[in-house]
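J.:
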Amino acid sequence: MKLKIAVLSGDGIGPEVTQQAIKVLNAIADKYNHTFEYEKAVVGAIAIDETGNPLPDETLKICADSNAILFGAIGDPKYDNNPSAKVRPEQGLLKLRKSLGLFANIRPLNTYDSLIHKSNLKEEVIKGTDFVIYRELTSGIYFGEKKLSEDGTIASDLCTYTAEEIDRISHLAFKAAQVRRKKLTLVDKANVLESSRLWRKRVTEISKEYSDVKLEFLFVDNAAMQIILNPTQFDVILTENMFGDILSDEASVISGSIGLLASASIGKHAAMFEPIHGSYPQAKGKNIANPLAAVLSAAMLLDHFELYDEAENVRSAVEKSIELNISTPDLNSTNHFSTTNVGNFLRDFILDDENTFYNK
Ligand code: IPM
Ligand code: MN
Numbered sequence: 001m002k003l004k005i006a007v008l009s010g011d012g013i014g015p016e017v018t019q020q021a022i023k024v025l026n027a028i029a030d031k032y033n034h035t036f037e038y039e040k041a042v043v044g045a046i047a048i049d050e051t052g053n054p055l056p057d058e059t060l061k062i063c064a065d066s067n068a069i070l071f072g073a074i075g076d077p078k079y080d081n082n083p084s085a086k087v088r089p090e091q092g093l094l095k096l097r098k099s100l101g102l103f104a105n106i107r108p109l110n111t112y113d114s115l116i117h118k119s120n121l122k123e124e125v126i127k128g129t130d131f132v133i134y135r136e137l138t139s140g141i142y143f144g145e146k147k148l149s150e151d152g153t154i155a156s157d158l159c160t161y162t163a164e165e166i167d168r169i170s171h172l173a174f175k176a177a178q179v180r181r182k183k184l185t186l187v188d189k190a191n192v193l194e195s196s197r198l199w200r201k202r203v204t205e206i207s208k209e210y211s212d213v214k215l216e217f218l219f220v221d222n223a224a225m226q227i228i229l230n231p232t233q234f235d236v237i238l239t240e241n242m243f244g245d246i247l248s249d250e251a252s253v254i255s256g257s258i259g260l261l262a263s264a265s266i267g268k269h270a271a272m273f274e275p276i277h278g279s280y281p282q283a284k285g286k287n288i289a290n291p292l293a294a295v296l297s298a299a300m301l302l303d304h305f306e307l308y309d310e311a312e313n314v315r316s317a318v319e320k321s322i323e324l325n326i327s328t329p330d331l332n333s334t335n336h337f338s339t340t341n342v343g344n345f346l347r348d349f350i351l352d353d354e355n356t357f358y359n360k
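Here is the structure:
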């Protein structure tokens with residue numbers, strides 16, 4: 001298969017981890033005879049520095065002309081404590097999601113046996129956790145009208161959802177549940193918010209088309225508690241933009257490190273793959289950031305193009321690296337490996353047929 005991939009490695013540790021994802025994709029291309037062509041483009045703080053715009057037109061064009069986008073990370077501390085900055089790196093990512101219509105953000109979560117004992121949560125609580133969050137990504141409070149009164153003392157962000165916006169992601173989430181454990185939990189705040197009541201109404205209606213899927217509802221405050229109290233109860237979690245943002249960071253604690261969580265953002269015509277972690281500026285250039293979330297995002301890219309054996313090969317390499325403790329400091333405080341070392345291990349594991357790697 002021939003694929004054109006736009007590479008937007010962005011800020012902070014983005015370039016370092018994306019480089020490992022490309023290394024892994026190249027190993028897959030070699031082994032399975034695919035051609036992956038990459039085209040780099042700037043986004044985020046680095047794009048503001050270079051062009052004054054967090055999402056230059058040129059970048060958007062490269063993305064629109066590609067089969068998929070590999071995204072690194074976005075954000076720079078110089079903007080975080082400056083609430084009056086008019087141009088912010090995050091606007092680049094939000095505009096990219098909106099312009100390409102990437103309405104469904106898919107964030108899978110599972111545990112690794114060899115990491116379970118390192119989690120802050122109890123082993124018996126998290127063992128066997130395997131769920132996926134379907135987060136709506138191009139609407140809700142993130143994209144509603146924003147207002148600030150002239151005297152700067154009143155601010156508001158509007159949360160709006162249309163039936164169509166709810167329906168399109170709900171169908172994807174139900175279809176995912178059908179090939180998983182056939183359970184879908186809608187997370188909302190329908191006891192307070194009108195927009196949440198519309199979600200419940202539409203999702204209840206749509207569920208009739210998926211009668212093999214069990215539908216449950218949870219208020220978001222309760223969901224936040226249930227995710228760490230009893231995470232194995234979940235299969236597919238469907239939720240709106242901001243609740244999904246918050247719950248997925250919370251859920252990452254179950255896996256052992258936010259450096260492990262991958263995501264896919266899917267639209268009608270475009271697809272983007274990005275780690276859920278941020279730009280981790282403290283680690284920038286130190287070769288210590290965990291590349292696995294970026295690599296697992298590349299595995300989701302392979303899945304998206306139905307290259308299932310290839311994706312599985314990447315996941316086995318990742319599992320092996322975790323099992324052998326060939327890990328960055330977030331997972332391995334003693335004798336840790338660098339970002340590049342982990343990437344090299346994954347590449348060698350993939351290219352080494354019959355796993356002769358271990359006998360070397
Ligand atoms: C994420 C991030 C983004 C979001 C930020 C960087 C705008 O936190 O992808 O989860 O809030 O969606
Ligand atoms: Mn987030």
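For the record, in the sequence shown the residue sitting at position 225 is 225 according to the UniProt record's numbering, with numbers rising by one throughout.
C-beta: ideal position from N, C-alpha, C; glycine also.
Tell me which same chain residues have a C-beta within less than 7 Å of the C-beta of ASN241, skipping the five on either side of it?
T.: Same-chain partners within the cutoff: ARG135, GLU136, LEU137, SER139, GLY140, ILE141, TYR142.
J.: Nearest by alpha-carbon distance to LEU351: which of VAL24, ALA270, LEU247, ARG197 is it?
T.: The shortest Cα separation from LEU351 among VAL24, ALA270, LEU247, ARG197 belongs to VAL24.
J.: Looking at C-alpha atoms only, which residue of LEU301, SER156, TRP199, ASP157 is the closest neighbour of GLU164?
T.: Comparing Cα positions, the closest option is TRP199.
J.: May I ask whether a heavy atom of the ligand MN can be found less than 7 Å away from the beta carbon of ILE254?
T.: No.
J.: For MET225, which of helix, strand or coil comes out of DSSP?
T.: It is helical.
J.: Are there any heavy atoms of the ligand IPM lying less than 7 Å away from the beta-carbon of LEU296, as far as the coordinates show?
T.: Answer for LEU296: no, Cβ out of range of the ligand IPM.
J.: In three-state DSSP terms, what is LEU350?
T.: The sequence shown places Ile at residue 350, not Leu. Note: ILE350 maps to helix in three-state DSSP.
J.: Using the rule of at least 16 other Cβ atoms within 10 Å of the residue's Cβ for burial, across every protein chain shown, is LEU158 buried or exposed?
T.: Exposed, because fewer than 16 other Cβ atoms sit within 10 Å of the Cβ of LEU158.
J.: What residues in its chain sit with their C-beta under 8 Å from that of ALA176, if we drop five residues either side in the sequence?
T.: Hits under 8 Å: ILE106, VAL132, TYR134, VAL236.
J.: Closer than 7 Å to a non-hydrogen atom of the ligand IPM - does that hold for the CB of GLY75?
T.: Checking the Cβ of GLY75 against the ligand IPM gives yes.
J.: With distances taken from each beta carbon to the nearest heavy atom of the ligand IPM, which residues come in below 5 Å, in chain order?
T.: That gives GLU90, ASP245.
J.: Comparing the CB of ILE49 with every heavy atom of the ligand MN, is any distance shorter than 7 Å?
T.: Here residue 49 is Asp; the residue named in the question, Ile, does not match the sequence. No, the beta carbon of ASP49 sits no closer than 7 Å to any heavy atom of the ligand MN.
J.: Excluding the 5 residues flanking ALA293 on each side, which residues of the same chain have their C-beta closer than 8 Å to its C-beta?
T.: Same-chain partners within the cutoff: VAL17, ILE258, GLY259, LEU260, LEU261, ALA262, PRO275, ILE276, HIS277.
J.: Taking just the CA atoms, how far does GLU123 sit from HIS117?
T.: Approximately 6 Å, taken between the alpha carbons.
J.: With distances taken Cα to Cα, identify the nearest neighbour of ASP188 among ILE254, ASN230, PHE243.
T.: Cα-wise, what sits closest to ASP188 is PHE243.
J.: Tell me whether ILE13 counts as near the ligand MN, meaning its Cβ is closer than 7 Å to at least one heavy atom of that ligand.
T.: No - the ligand MN has no heavy atom lying nearer than 7 Å to the Cβ of ILE13.
J.: Residues in its own chain within less than 6 Å of LYS4 by CB, not counting five upstream and five downstream?
T.: Only GLU37, SER66, ASN67 meet the Cβ criterion.
J.: What separation, rounded to the nearest whole angstrom, lies between the Cα atoms of MET300 and LEU186?
T.: So the two alpha carbons sit approximately 23 Å from each other.
J.: Nearest to ASN290 by alpha carbon, out of THR334, SER252, PHE103, GLY343?
T.: The option with the nearest alpha carbon to ASN290 is GLY343.
J.: Confirm, please, whether the CB-CB distance from SER114 to GLU323 is below 8 Å.
T.: Result yes, Cβ atoms of GLU323 and SER114 sit closer than 8 Å.
J.: If you draw a straight line from the C-alpha of THR204 to the C-alpha of ALA190, how long is it?
T.: So the two alpha carbons sit approximately 13 Å from each other.
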